[in-house]
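*Asks:* Note that the numbering used here has the sequence shown beginning at 727, numbered continuously upward. All C-beta atoms, glycine included, are put in the ideal place defined by N, C-alpha and C. On a predicted model such as this, the values are computed, not experimentally measured, just so you know.
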Amino acid sequence: MRIYFDYNATTPLAPDVIEAVIEATRSQFGNASSVHHFGQRAKAALDDARSAVAALIHGDPSEIVYTSGGTESDNFAIRGAAEALEPSGRRHLIASTIEHEAVLNTFKALARRGWHTSLVPVDQTGIVDPERLRELVTKDTALVSIMHANNEIGTIQPIAQLSAIAHQQGAVMHTDAVQSVGKIPVDVRALGVDLLSLSAHKFNGPKGAAALWIKRGTRLQPMMTGGKHERSRRAGTENVPALAGMGVAARLAASKLEIEAGRLRALRDRLEDGIVRAVPGAAINGARDLRVPNTSNISFDRVEAESLLIALDLEGIAVSTGSACSSGTLEPSHVLRAMGFSSHRTQNSLRFSLGLFSTEQEVDRVIAVVPGLVEKLRNLTRTPKVQKSAVS
Ligand SMILES: Cc1ncc(COP(=O)(O)O)c(C=O)c1O
């Protein structure tokens, strides 16, 4: 039995989504910009999906712009707002320290081009204190970008409060909601944001299908120049099958949102309780309550998370670390570091993320397997006792 507990990395497609993608590939192959029958069928598929995506976040379909992924949506929001506001003289951008690389590296790129950037910290539980944001926002701030839910620890930020603070100084508010849309109710009006990123492959839709919600009236410079697709906001022929799949995934998520959230919370809590009870030195990272229901980040004292990840994979269990392995060096999670954790704890942490096909049996299997593996790895790394010589 193989167990997939890495839904925050990506999710398997729901069966209805697979059907929709196949059907659109077969019969909605036209270019949605073409005026003939084939084009109009493709356009109808895009419109239908747009309504479903808009409904999932309580936006208007005309405010949805399709993109190729959460990464593109984040880039479009940040670069587009920065460029649109440049003539106003606002040259300051704010994000949080725990953003996804799609945001942090876009900030770094803009900083190299002369933008002034600030990062608002999080507390030990991984939450931004609105007062810390208030200290940073000024009349020079063009954009504030703070994620809704964090991908590594699942914590949910007080976006409505943060938006109000950004708006008091006239800044545009963006939230990367890639890890919250489809997991918890998301209402763009209640959040008070101007821009919101979402991505289909995090809620059982296809990869390469995503959207940026742009509140009507928000000034944004298009990043892609070309034809007049997406009301001239994002040029390029739309990927109809993937976007049709996103529409079906959005409807599915909306229809199951509350039931799934409750089911996953129960499974996640069972997993956490089981592991913490059975493994000495195991601790949950991040706020307990202000979290998406599917995510658990656990540190295991005196165990290298990478070794545990590999040992679990050999047992058929897929999880992940917050670490990015780049060019042979292990980088400790920037999220856990930003929470003030020691380098040991950041390197001892594993993320378990559950989803649509996760079951109680799977949870129980993981609870049964983890303690033994942790014990084994601890014994392997224990420094050998110096043997006393028999002859003195
Ligand atoms: C919070 C967050 N933002 C953005 C992204 C990027 O989305 P995509 O993989 O669709 O480019 C991810 C994906 O891991 C994410 O978790």
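Short check: CB of L811 to CB of L869, under 9 angstroms?
*Replies:* Yes; because the gap between Cβ atoms is below 9 angstroms, this pair is in contact.
*Asks:* Who are L969's beta bridge partners in DSSP?
*Replies:* In the DSSP output, where bridge partners are listed per residue, L969 has none listed.
*Asks:* Would you mind sorting A835 into buried or exposed? The rule is 16 or more other CB atoms within 10 Å of its CB.
*Replies:* Exposed, by the Cβ-count rule.
*Asks:* What whole-angstrom Cβ distance do A1031 and T1021 have, given they're in contact under 8 angstroms?
*Replies:* Between T1021 and A1031 the Cβ distance is about 16 angstroms, and since that is not below 8 angstroms, they are no contact.
*Asks:* According to DSSP, is L869 part of a helix, a strand, or is it coil?
*Replies:* The answer is strand: DSSP assigns L869 an E or B state.
*Asks:* Quick one: give me the first and last residue of the beta strand (DSSP E) that I1010 is part of.
*Replies:* Taken as a continuous stretch (DSSP letters only), the beta strand (DSSP E) holding I1010 covers 1008 to 1010.
*Asks:* I think A916 touches A886, with their Cβ atoms under 8 angstroms apart; what is that distance to the nearest whole Å?
*Replies:* Going by Cβ atoms, the distance from A916 to A886 rounds to 6 angstroms, so yes, they are a contact pair.
*Asks:* Buried or exposed: which applies to P1019, given that a residue is buried once 16 or more other Cβ atoms fall within 10 Å of its Cβ?
*Replies:* That one is buried.
*Asks:* So, using beta-carbon positions, are V920 and M899 closer together than 9 angstroms?
*Replies:* Strictly speaking, residue 920 in this sequence is Asp, with Val absent from that position. For D920 and M899, yes; Cβs fall inside 9 angstroms.
*Asks:* Cβ of V854 versus every heavy atom of ligand 1: is any distance shorter than 8 angstroms?
*Replies:* Answer for V854: no, Cβ out of range of ligand 1.
*Asks:* Within the structure, which residues are defined as neighbours of ligand 1 by a Cβ-heavy atom distance below 5 angstroms, reported in chain order?
*Replies:* Ordered along the chain, the selected set is G795, G796, T797, H826, A828, N877, D902, V904, Q905, S925.
*Asks:* Would you please state the rounded distance, in angstroms, between the beta carbons of I783 and L922? I believe it to be under 8 angstroms.
*Replies:* Right, their Cβ atoms sit about 6 angstroms apart.
*Asks:* Determine the direct distance from the alpha carbon of K865 to that of L1035, and round the result to whole angstroms.
*Replies:* Cα-Cα distance, rounded: 46 angstroms.
*Asks:* With distances taken from CA atoms, which of V848, P813, T843 is nearest I824?
*Replies:* The shortest Cα separation from I824 among V848, P813, T843 belongs to V848.
*Asks:* In the DSSP assignment, what are the bridge partners of F1026?
*Replies:* BP columns for F1026 point to A1008.
*Asks:* Less than 8 angstroms between the CB atoms is what I'm expecting for L946 and A936, so what's the real figure, rounded?
*Replies:* Wrong, their Cβ atoms sit about 16 angstroms apart, outside the cutoff.
*Asks:* Following the continuous beta strand (DSSP E) through S1079, name the residue where it begins and the one where it ends.
*Replies:* S1079 -> beta strand (DSSP E) spans 1075 to 1079.
*Asks:* Assign S794 to one of three DSSP states: helix, strand, or coil.
*Replies:* DSSP places S794 in coil when its eight states are reduced to three.
*Asks:* Just curious, the beta strand (DSSP E) that S844 is in, first and last residue?
*Replies:* Per DSSP, S844 belongs to the beta strand (DSSP E) from 842 to 846.
*Asks:* Please list, in chain order, all residues of the same chain as P967 whose beta carbon is under 6 angstroms from its beta carbon, the five residues on each side excluded.
*Replies:* Closer than 6 angstroms at the Cβ level, and outside the excluded window around P967, lie V747, A750, T751.
*Asks:* Using a Cβ-Cβ distance under 9 angstroms, would I820 count as near chain C?
*Replies:* Note that chain C does not occur in the displayed structure, where there is just one protein chain.
*Asks:* Could you tell me the distance, in whole angstroms, from the CA atom of A875 to the CA atom of H762?
*Replies:* Looking at the two C-alpha atoms, the distance is approximately 42 angstroms.
*Asks:* Classify T736 as helix, strand or coil using the three-state DSSP reduction.
*Replies:* Coil, per DSSP.
*Asks:* Do the stretch 970 to 987 and the stretch 765 to 775 touch if we need at least three Cβ pairs shorter than 8 angstroms?
*Replies:* The stretch 970 to 987, when compared against the stretch 765 to 775, does touch it at the 8 angstroms Cβ threshold.
*Asks:* Just reading off the beta strand (DSSP E) that D786 is part of, what are its end residues?
*Replies:* First-last for D786: undefined, no H or E at that position.
*Asks:* Could you name the residues that DSSP lists as bridge partners for A937?
*Replies:* Partner(s): Y792, L924.
*Asks:* Report the rounded CA-to-CA distance for E1041 versus N1074, giving the unit in angstroms.
*Replies:* Rounded to the nearest angstrom, the two C-alpha atoms are 19 angstroms apart.
*Asks:* In whole angstroms, give me the CA-to-CA distance for Y792 and P932.
*Replies:* Cα-Cα distance, rounded: 13 angstroms.
*Asks:* Which of helix, strand or coil does DSSP assign to E1057?
*Replies:* DSSP places E1057 in strand when its eight states are reduced to three.
*Asks:* Would you mind sorting Q1087 into buried or exposed? The rule is 16 or more other CB atoms within 10 Å of its CB.
*Replies:* Label assigned to Q1087: exposed.
*Asks:* To which residues of the same chain is R996 closer than 6 angstroms at the C-beta, ignoring the five residues directly before and after it?
*Replies:* V1089, listed in sequence order.
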